[in-house]
Amino acid sequence: MPITHEVRVHPSSANLPRTEQLAWKLAEVATDPADLPGEVVDMVINRIIDNAAVAAASLLREPVVAARGQALAHPYHPGACVFGRSSELRVSPEWAAWANGVAVRELDFHDTYLAADYSHPGDNIPPILAVAQHTGADGAALVRGIATGYQLQVDLVSAISLHKHKIDHIAHLGPSAAAGIGTLLGLDTTTIFHAIGQALHTTTATRQSRKGEISTWKAYAPAFAGKVAVESVDRAMRGQSSPVPIYEGEDGVIAWLLDGPDASYQVNLPGPGEAKTGILRTYTKEHSAEYQSQALIDLARRLHRTHPELTDPANVESIVIHTSHHTHDVIGSGANDPQKYDPRATRETLDHSIPYIVAVALQDGDWHHERSYAPERAARPGTVELWRKITTAEDPEWTRRYHSEDPAEKAFGGRMEITLTDGRTLSEEIAMADAHPLGARPFARAQYIEKFRTLSDGVLEPAESARFLELVQRLPELTSEEVVGLTVAARPGLLGTARNPKGLF
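Each residue of the sequence shown is one higher than the one before, counting from 358 in the working numbering.
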């Protein structure tokens, strides 16, 4: 059974023992040798496939090209692999974590977990995999490390809201990735404790990267946390300590960045011997957009078929999307970001604008990770007209369902109230995305493989695609040499077509 740990601020004079600190409790989970159920192992495989799929599709995008260029300026032996390049060319593991983290995150197209805060737990995989390749870890160790990263990410996100205080969600990612690396390497509790503390201390950034005019840093932020996690583990292994207590100190994270000196959090963590099954509570995306738009894209596609008159803005008076507080406040009109209605906005802004997303999905009856965001698509006059008729409103019931602990109730959808210019009204709702485990078409191994093949088409040679899929599905039995092959090399000449400006390196 999970154990609930009360986490609150303590004065320095209390000299809170390390064993009572949250960072220590997280480290204890990382060092617990509990066996993993087969369904967890299978889902780890699915998510490695998922990450490789979205990374392949992003290889020519500017943020990914820049990050890859930085990484390739740091060759190292043995080192780790960089997505797009041959496994023969390796770089220092923290730089591989950086480049691969950007590639995975760029299209906002991999997995998600939403609770008290937001997260993309698949962001744990690039740093853990990079360290595995560099240190010669085998597939079984890699699975254990990734399971730890997911577990602690889910547990922290379930208990502690960062968004409430405008702290970016990578503050949960640094600690979870550091702990996952600790599990991978079989480090002791003290070493992982200090790595977690250092990783947290250096990843408490503001949420401005996801507000207003959203920049390319949105993709870099989790990659930065992964890079920091690798470096934090390295320092901790060299005997270097961390700020203590990092969460509970009177000048620590809770007291000054979160709910303040009188705050108390209840953090549920697996008990000794309890399997790390957190990954099973997460869900991937069928569409390249913020997760809270997934179900609404599916609803808009359905309305495109059943009510084709909605594609013409002349027929629509207004569309109000009644949804959760988080959806309204972060990607809806409740964010009060004029950029969410600007056809000149960045792609990063548009994939966090539910009014834009619904307008395009209604008109096209489809969603594509490139075409749906093309500048000429966003600027289409009929789309802009429809787009500006769409607003959101918080509905307490959808907010309650968003935060529900019951998987059958927890939902990230909403209800569309549509008023037509002829006086008719329509009301349609959806709770779960079609690809959700409880949705109309739940993702399983076949869907992850199809997503990989679709997104890597034209990017990878067929033989390279087949090689990767065969290898990754044998993950638990892979040797250390085979783990190095858990990357994808672009077809010859492809990467050279991308403009790659020179930086410092």
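Where a beta carbon is used, it is the ideal one built from N, C-alpha and C, also for glycine. All figures in this text were calculated on a predicted structure; none of them were measured in a lab.
Residue from R592, R462, T782 with nearest C-alpha to A578:
R462
Let me check understanding here. Comparing Cα to Cα, which of A414, T560, H431, F466 lies closest to D708?
F466
Around the Cβ of H793, are there at least 16 other Cβ atoms within 10 angstroms (buried) or fewer (exposed)?
buried
Could you tell me the alpha carbon to alpha carbon distance between G739 and I482, rounded to whole angstroms?
41 Å
Using only the alpha-carbon positions, how far apart do I503 and S476 sit?
15 Å
Who are E363's beta bridge partners in DSSP?
Q623
Kindly indicate the opening and closing residues of the beta strand (DSSP E) around G436.
432-438
Buried or exposed for H725, please, with buried defined as at least 16 other CB atoms from any protein chain shown within 10 angstroms of its CB.
exposed
How far does the beta strand (DSSP E) with M773 in it reach, from first residue to last?
771-777
What's the gap between the Cα of E821 and the Cα of W381?
42 Å
Going straight from the alpha carbon of A692 to that of V677, what length do you get?
15 Å
For P478, would you say it is in contact with chain C, using Cβ-to-Cβ distances shorter than 9 Å as the test?
The structure shown contains no chain C; it holds only a single protein chain.
Please confirm if the stretch 490-509 is in contact with the stretch 395-411, defined as three or more CB-CB distances below 8 Å between the two stretches.
yes
Between the stretch 388-400 and the stretch 777-792, are three or more C-beta pairs nearer than 8 Å?
no
Are the CB atoms of V829 and S444 within a distance shorter than 9 Å?
no
Could you have a look at E666 and say whether DSSP puts it in helix, strand or coil?
helix
Contact under 9 Å by Cβ, A516 with Q378
no
Span separating the alpha-carbon of I524 from that of A582
13 Å
Is the closest heavy atom of the ligand NAP to the C-beta of E605 under 8 Å?
This structure does not include the ligand NAP; it has no bound ligands of any sort.
Just list the alpha helix (DSSP H) runs in the stretch 468-536, keeping only unbroken ones of 4 residues or longer that don't cross its boundaries, in chain order.
482-492, 496-516
Do you know offhand how far I611's Cα is from H526's?
14 Å
Just mark F440 as buried or exposed, buried being the case when its beta carbon has 16 or more other beta carbons within 10 Å.
buried
So A586 packs on A534, CB below 8 Å; how close in whole Å?
4 Å
Does the Cβ of Q565 have 16 or more other Cβ atoms within 10 Å, making it buried, or fewer, making it exposed?
exposed
Leaving out five residues before and five after H522 in sequence, what residues of the same chain have Cβ atoms less than 7 Å from its Cβ?
L614, L615
Between which two residues does the alpha helix (DSSP H) holding H320 run?
This structure does not reach residue 320, given that the chain is present from 358 up to 862, and the question cannot be answered.
Look at the alpha carbon of W452 and the alpha carbon of T749, and state the distance between them as a whole number of angstroms.
40 Å
Using a Cβ-Cβ cut-off of 7 Å (strictly less than) and excluding sequence neighbours within five positions of L509, which residues of its own chain qualify?
L383, V386, P532, S533, A536
So, at 8 Å on beta carbons, what are the nonlocal neighbours of S621 in its own chain, with the 5 sequence-adjacent residues on each side left out?
E363, V364, R365
Beta-carbon proximity of L812 to A413, cut-off 9 Å:
yes
For the stretch 649-658 against the stretch 790-806, do three or more pairs of beta-carbon atoms, one drawn from each stretch, fall closer than 8 Å, so that the two count as touching?
yes
Mind checking whether S675 and I787 have CB atoms under 9 Å apart?
no
Mapping DSSP to helix, strand and coil, what is G441?
strand
Relative to the alpha-carbon of L743, which residue among R442, A716, H685 has its alpha-carbon at the smallest distance?
A716
Beta-carbon within less than 7 Å of V511's beta-carbon, same chain only, minus the 5 sequence neighbours each way: which residues are those?
Y470, P478, G635, R638, T639
First and last residue of the uninterrupted alpha helix (DSSP H) at H760:
753-760
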